[in-house]
């Protein structure tokens with residue numbers, strides 16, 4: 018992806034004819050969770066401008082309850098990151114997001130007392146609805162302090178530590 022800095026974030030153009038993975042990186046931006054977003058070939062059907070910017074905070078006990086999950090205590094584990102595009106359509110294939118787990122939350126992961134999950138609020142253009150959900154720990158890979166996961170939706174994502182393990186995806 019050709020990446021450029023935008024007000025408060027980073028943007029890139031994803032070319033559907035590319036035969037390699039295209040990446041938009043905010044690796045030097047703590048306010049964006051040092052996020053990296055990767056698009057495999059065929060993610061979009063046409064040239065698409067994608068922006069990675071700060072998102073609104075998602076992690077809360079109220080959100081966990083709204084999704085109908087029993088998470089116990091919930092603690093923010095990353096900056097919220099919004100991934101948006103200039104097209105009102107869902108990606109054809111899931112893409113990957115990598116967000117840095119930071120602060121006191123990182124030490125919670127080390128002790129094993131809490132489990133990392135990803136809360137999200139996204140747009141499902143097919144149904145023209147807002148989808149709120151959680152990506153369970155079983156669908157998150159870790160490299161150092163980064164949590165990496167796949168998603169089929171454009172939207173806002175934030176890592177959280179939860180007291181009770183969540184092993185199945187949930188959404189409303």
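Residue numbers (this note's numbering): 18 to 189.
For glycine and all other residues, C-beta sits at the position ideal for the given N, C-alpha and C.
Proximity below 8 Å, CB of residue i to CB of residue j
i	j	result
residue 166	residue 114	yes
residue 135	residue 174	yes
residue 55	residue 76	no
residue 105	residue 159	no
Nonlocal neighbours in the same chain, by C-beta distance under 7 Å from residue i, ignoring five residues either side
i	result
residue 66	28, 30, 102 and 103
residue 176	94, 95, 116, 118, 133, 135 and 164
residue 88	81, 179, 180, 181 and 183
For residue i: DSSP bridge partner residues
i	result
residue 137	150 and 174
residue 167	113
residue 39	56
residue 33	Note: residue 33 sits in no beta bridge, so no partner.
residue 108	For residue 108, which the question treats as bridged, DSSP gives no partner whatsoever.
Residue of the options minimising C-alpha distance to residue i
i	options	result
residue 52	71, 62 and 35	71
residue 38	47, 111 and 44	111
residue 138	32, 59, 97 and 61	97
residue 154	35, 182 and 63	182
residue 61	87, 46, 36 and 47	36
residue 58	140, 168 and 33	33
Beta-carbon contacts of residue i that lie in its chain and below 6 Å, excluding the five residues immediately before and after
i	result
residue 99	70, 72 and 173
residue 43	27, 49, 52 and 69
residue 190	Nothing can be reported for residue 190: it is not among the residues displayed for the chain, which extend from 18 to 189.
Cβ shell of residue i (< 8 Å), same chain only, five flanking positions each side left out
i	result
residue 74	93, 97 and 175
residue 189	83, 84, 85, 148, 149 and 150
residue 186	150, 151, 152, 153 and 156
residue 45	51
Contact test: residue i Cβ vs the ligand COA heavy atom, cutoff 7 Å
i	result
residue 182	By its list of ligands, the structure shown contains no ligand whatsoever, and the ligand COA lies outside what it can speak to.
>> Does the contact criterion of 3 or more C-beta pairs under 8 Å hold for the stretch 138-155 versus the stretch 78-94?
In response: With a cut-off of 8 Å, the stretch 78-94 and the stretch 138-155 count as touching, because enough Cβ pairs lie within range.
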